[in-house]
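Here my numbering is used: the first residue of the sequence shown is 48, the next is one more, and so on.
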Amino acid sequence: MTLCFGAHVSIAGGVCNAIEHAERIGCDSFQIFVKPNRQWRLPNITENDADFFYNKALNFSAYPVAHSSYLLNLASSNEVTLSKSIDTLVAELEACDSLRIKDLVLHPGSHGGDGEDVGLQRVVDSLAVVFDRFNGKCNVCLELTAGTGFNLGYKFEHISWILKNGPTENLSVCLDTAHVFGAGYDISNMEKYKEIELSFEALIGWNNLKCLHLNDSKCELGSRKDRHEHIGKGLIGLSGFQNILSTCNSFEIPAIIETPKGKSDDADKLNLKTLREISCKV
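And the structure:
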């Protein structure tokens with residue numbers, strides 16, 4: 048078993064078009080939004096679309112994963128925003144279930160200045176409401192963040208606390224290399240990475256990792272900023288990807304690039320080629 052390398056692909060023209068795009072660039076997995084990601088509008092996926100998507104993905108032998116809307120904030124103190132976030136997350140999980148997608152990647156949210164402990168409790172409380180309303184099979188895959196502004200999830204301890212206090216059977220984890228680097232975890236250095244590897248296992252558990260986002264970073268280590276770069280062209284460098292793949296290479300999970308897009312698919316193809324070459328060597 049090996050990692051399933053793929054890319055985030057557009058749903059322009061409908062979710063079914065995403066599979067053709069993923070196939071065109073040679074993906075073993077792919078990530079989509081199930082709705083326009085910067086609109087509160089709920090997903091609109093018909094039964095025919097869902098069946099077509101599932102069968103096409105099955106024939107293509109690709110592992111799909113979804114990413115939630117960037118508008119969601121389960122840590123918000125604003126009742127309207129929180130209510131919309133919960134409603135939208137439930138709808139997105141239902142859409143994922145209809146598409147037979149196992150994991151929906153979610154940024155934990157921003158506490159807005161109210162404090163991390165308060166924000167984390169809001170996330171757990173919100174997830175309890177979500178999974179009281181949603182009884183399907185799709186999991187929420189909590190993504191580690193760079194920690195920009197008041198965003199939660201930039202410490203392993205944040206994700207660990209949510210896993211321990213939330214509806215654990217419905218939760219999994221997504222590690223984004225650019226995010227953890229921006230948060231201060233130096234995955235580019237072998238000695239420091241070994242400590243990070245042990246810390247992740249102790250606090251989160253590699254068995255809870257169900258998705259990787261493999262992105263290089265334009266931002267400095269510990270900058271708390273999040274700007275993605277092509278694999279090997281940023282400040283993480285090829286060594287960082289060698290390190291993370293040395294741990295995860297045998298995991299049968301999606302390993303998704305969210306690197307800068309060009310006018311053609313050439314950049315995605317090159318990034319995937321680079322990662323597969325590293326994978327063969329570790």
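For every residue, glycine included, the Cβ atom is placed at its ideal position computed from N, Cα and C.
inquiry  = Which of the three DSSP states is assigned to HIS260 in this structure?
reply    = If DSSP states are grouped into helix, strand and coil, HIS260 belongs with the strands.
request  = Can you say whether ASN186 is buried or exposed, counting buried as having 16 or more other CB atoms within 10 angstroms of its CB?
outcome  = buried
request  = Tell me whether the beta-carbon of LEU136 lies closer than 8 angstroms to the beta-carbon of SER115.
outcome  = yes
message = Less than 7 angstroms between C-beta atoms, sequence neighbours within five positions excluded: which residues of the same chain meet that for ILE300?
response = LEU50, CYS51, LEU256, LYS257, CYS258 and LEU259
ask   = Near PHE99, what residues of its chain come up, given a Cβ to Cβ distance below 7 angstroms and the 5 sequence neighbours on each side ignored?
value = Taking C-beta separations shorter than 7 angstroms and ignoring five residues to either side along the sequence, the partners of PHE99 in its chain run CYS63, following chain order.
inquiry  = DSSP three-state label for ASN318, please.
reply    = helix
ask   = From ALA249 to PHE203, what distance separates their C-alpha atoms?
value = 10 angstroms
ask   = Less than 8 angstroms separating the beta-carbons of LEU292 and SER326?
value = Contact: yes.
ask   = Do the region 54 to 68 and the region 89 to 106 meet, that is, are 3 or more Cβ pairs less than 8 angstroms apart?
value = yes
ask   = How about the region 310 to 329 and the region 153 to 170: do they share at least three Cβ pairs that are nearer than 8 angstroms?
value = no
inquiry  = Quick check on DSSP: helix, strand or coil for CYS185?
reply    = coil
Ranges of the beta strand (DSSP E) found wholly within the region 142 to 228, counting only runs of at least 3 = 150 to 153, 186 to 190 and 218 to 223
query = Under a three-way DSSP split, which group does ILE243 fall into?
reply = helix
message = I need the boundaries of the alpha helix (DSSP H) containing ILE304, first residue and last residue.
response = DSSP places ILE304 outside any alpha helix (DSSP H); the residue lies instead in the beta strand (DSSP E), whose first and last residues are 301 to 304.
ask   = Is it buried or exposed for LEU245, if we count other Cβ within 10 angstroms and need 16 for buried?
value = exposed
ask   = Going along the chain, which residues of its own chain have a beta-carbon closer than 7 angstroms to the beta-carbon of VAL171, five neighbours each way excluded?
value = ILE209, ASN212 and GLY213
task = Using the DSSP secondary-structure output, state which residues sit across from GLY53 in a beta bridge.
result = SER76 and ILE303
ask   = Residues in its own chain within less than 7 angstroms of THR321 by CB, not counting five upstream and five downstream?
value = ILE278 and GLY279
inquiry  = With distance defined between alpha-carbon atoms, name the residue in ASP144, LYS272, CYS143 and LEU222 nearest to THR195.
reply    = Across the set ASP144, LYS272, CYS143 and LEU222, the C-alpha of LYS272 shows the shortest separation from the C-alpha of THR195.
inquiry  = Quick check on VAL81: does DSSP put it in helix, strand or coil?
reply    = coil
task = Name the residue from ALA142, THR294, SER219 and PHE107 whose alpha carbon lies nearest to the alpha carbon of GLY183.
result = ALA142
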